[in-house]
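In our numbering, the protein residues as written are 3 to 310. Note that beta-carbon positions come from the ideal geometry of N, C-alpha and C, so glycine has one too. Please read all numbers here as calculations on a predicted model, not as lab measurements.
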Amino acid sequence: MEEINNFTKKVEELVYYLDDVSGNKLYRIAKKEYNKLIQENPANEEAFIALQFLIIPFLSTNEIADLIKNSLFLGLSVNDIDIVERINKKLLFMDFEDRDGVKNNIKNALVENQEQITDTIKTENGKEIKTMADWLGDYLSSTGKEIGSSIGEAKYFNNSYFKKIKPDEKILLKKLFNFYLFLNISSSTPEGFEDDILLRTEDDKLITTNKGNVVVLYDYRTGQGAVKLKPKARKVSGPPKTEEELNIDELKAEEERYAAGGIERLALEEEVGKKKKIEDLKIEANKYRDGSLEKKALLEEIKKLQNG
């Protein structure tokens, strides 16, 4: 009975430390012995749902799909849980050929989610939207071929009706869209491949791949390491650019295509400013040890900027 008396607090601790192993044990006990007591207490019921998002790596595909279809609002609202990371971990435990099927099942559940995520909003064509399914449909139809691109997102996030919604609703919607984009990328592509590949190349470099990027962990000839390789090799002076810096360069190049003062140019300039701040915070965070309060606070601020 002790578990149920401290259930909400216990779940908060497990979520904070991402302890999904202990979380899975608690979930099985609670589901078997305390299901009725949980349903009778709203706080415990919410904690039980949060617990399920924590233990996604241990749930079946059908259980995950049901969770996404009916309870995603709460999952997106838990700051210490990154649903994409949770599902990535689940996929790493699976055979490679099964991963796209799992992603598709979860994506199908996602687009059917009828939970209300914002107040009722009228789009530019007069259509009323408020549910996750509504917003996903509008986002996909509005961005079209530019879906997932910086310019596509900049245009959508700066349209008249998106600007009207509350700041916390914007954060949830951006999480929702990012989640969809993750599910929409095949695991057989460099961008969607969940595993890192580790190998030694013919020119004596120990490399790894991550989301289509190649990183030299160690160069046996020069003794240097941690260098990100561009798809087309080029000589550089000074330290190699980080991923954020490369993204900033791409956005700046995109800016030049638009007239100064135009909505597209202003949106891109705003995005560049945000990415510069994220890069500065990452540099500062790296000064502190993992698990320290300072580093956790800086990483939380980075997450807010990335989702905001």
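CA-to-CA, the gap between ASP140 and ASP68 works out to about 23 Å.
Look at TYR220 here: in three-state DSSP terms it is strand. The beta carbons of ILE57 and TYR18 sit about 14 Å from each other, so the pair does not count as a contact at 8 Å. When the beta-carbon positions are compared, GLN41 and GLU47 come within less than 8 Å of each other. Counted as a single uninterrupted DSSP element, the alpha helix (DSSP H) harbouring THR145 occupies residues 134 to 145. In the assembly as shown, GLU273 is a buried residue. Its beta-carbon has 16 or more other beta-carbons within 10 Å. With a cutoff of 8 Å on beta-carbon distance, ASN160 and ILE265 are scored as near each other.
At the C-beta level, ILE119 and MET134 come within 8 Å of one another. Counting only the Cα atoms, LEU270 lies some 7 Å from ALA156.
Looking at the backbone, the Cα of ILE131 and that of LYS207 are separated by about 52 Å. Ranked by Cα distance from PHE9, the options ASN37, LEU20, VAL23 are led by ASN37.
Taking 8 Å as the upper bound for CB-CB distance, LYS147 and LEU78 are not in contact here, some 26 Å apart. Collapsing the DSSP output to three states places LYS124 in a strand.
Taking the Cα positions, LEU74 is about 25 Å away from LYS298. By the 16-neighbour rule on beta-carbons within 10 angstroms, SER190 is exposed. For a cut-off of 8 Å, the C-beta gap from LYS279 to LEU307 is around 6 Å, short enough to register as a contact. Of the candidates LYS11, VAL104, ILE123, ILE123 places its Cα closest to the Cα of LYS168. Taken in chain order, the unbroken stretches of alpha helix (DSSP H) that lie wholly in the region 6 to 89 and span 4 residues or more are 9 to 18, 22 to 35, 37 to 41, 44 to 56, 63 to 79.
A distance below 6 Å between beta-carbons, with the five flanking residues on each side excluded, links PHE184 to the following residues of its chain, in chain order: VAL86. In the same chain as ILE108, and ignoring 5 residues on each side of it, the C-beta atoms closer than 8 Å to its own belong to THR63, ILE66, ALA67, ILE70, ILE89, LEU185, in chain order.
8 Å or more divides the Cβ of LEU76 from the Cβ of GLU196.
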